[in-house]
Amino acid sequence: MPAPATVNATETADAYRTRIRTWLADNLVGRFADLRGAGGPGREHEHFGERIEWERHLAAAGWNCIGWPTEFGGAGATLRQQVIFHEEYARAQAPVKVSHLGQELLGPTLIAFGTDAQRRRFLPAIRDVEELWCQGYSEPDAGSDLANVRTTALRDGDEWVITGQKVWTSLAHVADWCFVIARTEPGSSRHHGLSYLLVPMHQPGVEVRPIRQLTGTAEFNEVFFDGARTAADNVVGDPGDGWRVAMGTLAFERGVATLGQQIGFRRELQRLTDLALDSGVLDDPATGAGLRTRLQQAWVDLDVLRAHALRTLGAPDPGSAAVTKLLWARWHRDLGDLAMEVRGAASLTADPDLDEWQRLFLFTRADTIYGGSDEIQRNIVAERVLGLPREARAGASAATGGPR
Ligand SMILES: Cc1cc2nc3c(=O)[nH]c(=O)nc-3n(C[C@H](O)[C@H](O)[C@H](O)COP(=O)(O)OP(=O)(O)OC[C@H]3O[C@@H](n4cnc5c(N)ncnc54)[C@H](O)[C@@H]3O)c2cc1C
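Read in order, the letters of the sequence shown correspond to residues 1 to 404 in the numbering used here.
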């Protein structure tokens, strides 16, 4: 597997930042110029094909999966370098990645828990954006309570045969593969007897039904497995040990990329502030002062968010990760509310389509749900940080939630 030679051990942080910034400025041009600001929650449909091309272009230059160790095809970038990369990527308004579930969740999971054969088979295609992945965790009765998974996978010769339903599966309609939590030990319950399977999506036993969202777009799906098959070797970790692997994946979800997300937040808040200043709403005698205070508070809270994320990045424990999730989800959801107030009456009509602020408002309703809902995060803080009594659940260990 060729290692992209993008990391130089003696390079200073400033020089590294300049190199990324220059590369992005030189390359986010021409056919890629329109991609600035494209994609992301509620907008995954935007310039889909062109974003794939852009990600392949990044890969060819060695800028994909930079945090993976070099022996697995990454660039071996340090945590600091990854932070710089994500900050510069967001600052340049480079498009949100279509391949993030593979690059940020499954890739690190295979590096941590996979076999050499699995790494050789799957990692290059993730890095080079040749295969897209989706995450098959949630089911109709297994969201926050992920241990309630009912999808089964039974051995039939050299294959697993999978039957069951997943839901809210982001990007399943474009994915080539799905990492699926399934019950492989009949009669087992809760987090025992689960396995972490890699399942090809393009086969007769898999049906994907898009779910139309409030925004009018459909980027997550129901996925039905009806006798779908995957090779016996496509289990990550030991059969029956899938809960441990699944929790490992969730830990990667809250990695360094969240700092790039915050640069995106900063851009949104700047645009909203500019809109408020230009539109004159801040001079309204009835509401101006209140809006001004809320905008100021949003700027202060954003700095708190960033400081907290940086402080807890190196050694993420469940409590810190839960607080980070609570802080950013609340902040972003409130930004959606604030945008509607700044827009005033114009926020109530679509003309003819939703504008960017209406989309932001509608999609930010989901922020406090995906990746573990607010209530679940508070339970984690209460039980694991404050040491309060655990809530009564029969043998339960609630998940920290799925991704988006
Ligand atoms: C935009 C988006 C994308 C998603 N993408 C994916 C994906 O790609 N793959 C995937 O597998 N999943 C995905 N999900 C699913 C996500 O992980 C779940 O929505 C989430 O885990 C919550 O589960 P649920 O929807 O079943 O709600 P439930 O678990 O049924 O919760 C309903 C409500 O009850 C509250 N609640 C539940 N349990 C408790 C408790 N013990 N104490 C207090 N309150 C509680 C919750 O906070 C919530 O308010 C996505 C969700 C969204 C919104």
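Where is the CB? At the ideal position from N, CA and C, for every residue including glycine.
Is it right to say Pro-140 is buried, meaning 16 or more other beta carbons lie within 10 angstroms of its own, or is it exposed?
exposed
Considering only C-alpha positions, which residue in the set Gly-216, His-86, Arg-127 and Ala-15 is nearest to Gly-62?
Arg-127
Cβ neighbour criterion (16 or more within 10 Å) applied to His-202
exposed
Minimum length 4: unbroken alpha helix (DSSP H) runs contained in the stretch 93–152
107–113 and 116–127
Tell me, please, whether the stretch 38–56 touches the stretch 203–219 by the rule of three or more beta-carbon pairs shorter than 8 Å.
yes
Relative to the C-alpha of Gln-81, which residue among Leu-269, Ala-298 and Asp-14 is closest?
Asp-14
Runs of beta strand (DSSP E) lying entirely within the stretch 226–309, each at least 3 residues, in chain order
none
Between the Cα of Ala-329 and those of Asp-156, Tyr-370 and Trp-357, spot the shortest distance and give me the residue it belongs to.
Tyr-370
Could you tell me which residues DSSP pairs with Ala-182 in its beta bridges?
Ser-195
Beta carbon of Gly-240, beta carbon of Ser-195: below 8 Å?
yes
Take Arg-229 as the anchor and find which of Thr-163, Pro-318, Gly-237 and Val-245 has the nearest alpha-carbon.
Thr-163
For Gln-165, the first and last residue of its enclosing alpha helix (DSSP H):
Gln-165 -> not in any alpha helix (DSSP H); beta strand (DSSP E) instead, spanning 159–170.
Any non-hydrogen atom of ligand 1 closer than 7 Å to Ala-117 Cβ
no
Local conformation of Asn-221 per DSSP, three classes
strand
Outcome for Thr-10 when other beta-carbon atoms lying within 10 angstroms are tallied against a minimum of 16:
exposed
Residue range of the alpha helix (DSSP H) that Val-342 falls in?
318–343
Sort out for me which residues DSSP pairs Ile-211 with in a bridge.
Phe-220
With DSSP collapsed to three states, give me the class of Asp-156.
strand
CA-CA distance, Val-447 and Arg-343?
Since the first residue shown for the chain is 1 and the last is 404, residue 447 is missing from the structure and cannot be characterised.
Using only the heavy atoms of ligand 1, determine whether one of them is closer than 7 Å to the beta carbon of Ile-376.
yes
Helix, strand or coil for Trp-54 per DSSP?
helix
Using 8 Å for Cβ pairs, my map puts Asn-148 next to Gln-103. What's the rounded Cβ distance?
The Cβ separation is near 29 Å, so there is no contact.
In three-state terms, what does DSSP make of Val-7?
coil
Report the CB separation of Tyr-89 from Gly-260 in whole angstroms; it is logged as a contact under 8 Å.
6 Å
Using C-beta distances below 8 Å, list every residue in its chain close to His-332, excluding the 5 sequence neighbours before and after it, in chain order.
Phe-265, Thr-364 and Asp-367
Over what stretch of residues does the alpha helix (DSSP H) that includes Val-83 continue unbroken?
79–91
Could you tell me if Met-1 is buried or exposed, where buried requires 16 or more neighbouring beta carbons within 10 angstroms of its beta carbon?
Here the model assigns Met-1 a pLDDT of 42, short of 50, so the residue's position is not dependable, and the following value carries that caveat. Result: exposed.
Just tell me which of Phe-72, Gln-262, Glu-130 and Asp-274 has its CA closest to the CA of Ala-339.
Asp-274
Beta-bridge pairing of Val-29 - partner residues as DSSP gives them
Answer is none; Val-29 lacks a bridge partner.
Given the structure, does Ile-369 come close to ligand 1, in the sense that its CB is under 7 Å from one of the ligand's heavy atoms?
yes
Which residues mark the beginning and the end of the alpha helix (DSSP H) in which Asp-374 is found?
374–380
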